[in-house]
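Please read the structure below before turning to the comments.
Laid out in structure tokens, this is it:
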């Protein structure tokens with residue numbers, strides 16, 4: 001399972017790099033960056049998008065139809081999400097290649113490329129309990145020292161990780177959770193039998 005995630009993330013990064021190159025050429029960087037942030041907010045608020053994009057039964061032909069039904073770059077009488085022409089055709093390329101499952105991840109990767117270019121990195125800190133301000137400042141200080149960039153931290157409480165923390169930026173993950181350590185021990189025990 002982990003290997004599949006890494007491959008998907010690499011593919012996602014390649015698509016995000018292609019979008020990044022197109023956006024930089026078109027000099028619409030700010031407009032498209034703002035648009036992508038808004039789309040990620042919409043996708044985050046409505047988990048149905050994730051289910052649709054990850055559906056294993058959608059052929060690339062049906063993925064293209066899905067994009068055509070959900071999005072438009074022109075004014076439409078139908079209720080569709082209006083996006084720029086660049087984003088619309090980026091979605092269509094993903095769909096025609098059967099890669100809608102990486103759409104959201106690729107947008108996060110694009111966002112991180114913009115942040116890196118602007119010397120900022122967004123990091124999600126996932127913990128089993130709320131983290132106090134002192135610990136957050138320490139995490140921020142360590143990451144800032146390692147990357148030499150401005151760090152924007154956001155926290156998420158996920159009791160299922162049991163303890164420890166997970167740091168996530170785009171598709172990169174540092175998992176120091178108790179849950180992952182227990183799973184590793186469990187796998188070692190299963191392998192010994």
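Residue numbers (the working numbering): 1 to 193. Where is the CB? At the ideal position from N, CA and C, for every residue including glycine.
Exercise for the section: Could you check the C-alpha separation between residue 159 and residue 176 for me, to the nearest Å? Expected result: The alpha-carbon of residue 159 is positioned some 14 Å away from that of residue 176.
Practice task
Measure the C-alpha to C-alpha separation of residue 189 and residue 180 and round it to an integer number of angstroms.
Solution key: Residue 189 and residue 180: Cα-Cα distance of roughly 14 Å.
Exercise for the section: With DSSP as the reference, please indicate the residues paired to residue 176 in a beta bridge. Expected result: In the DSSP secondary-structure assignment, residue 176 is bridged to 165.
Handout entry: Touch test, the segment 14–27 against the segment 110–119, Cβ-Cβ under 8 Å, three pairs minimum
Key = The segment 14–27 vs the segment 110–119: in contact.
Practice task
Counting only the same chain and skipping the five closest in sequence on each side, list residues whose C-beta sits under 7 Å from that of residue 52.
Solution key: 66, listed in sequence order.
Exercise for the section: Take residue 151 and list the residues in its own chain whose beta-carbon comes closer than 7 Å to its own, dropping the five residues that flank it on each side. Expected result: So the list reads 121, 123, 140, 143, 144, once near-sequence residues are dropped.
Problem - Cα-Cα separation, residue 135 to residue 129 - result: Inter-residue distance for residue 135 and residue 129 is about 12 Å (C-alpha atoms, whole angstroms).
Exercise for the section: Give the secondary structure of residue 151 by DSSP, where H, G and I count as helix, E and B as strand, and everything else as coil. Expected result: In this structure, residue 151 counts as strand in the three-state DSSP scheme.
Problem - Member of 169, 68, 154, 178 whose CA lies at the smallest distance from the CA of residue 162 - result: Considering only alpha carbons, the answer is 178.
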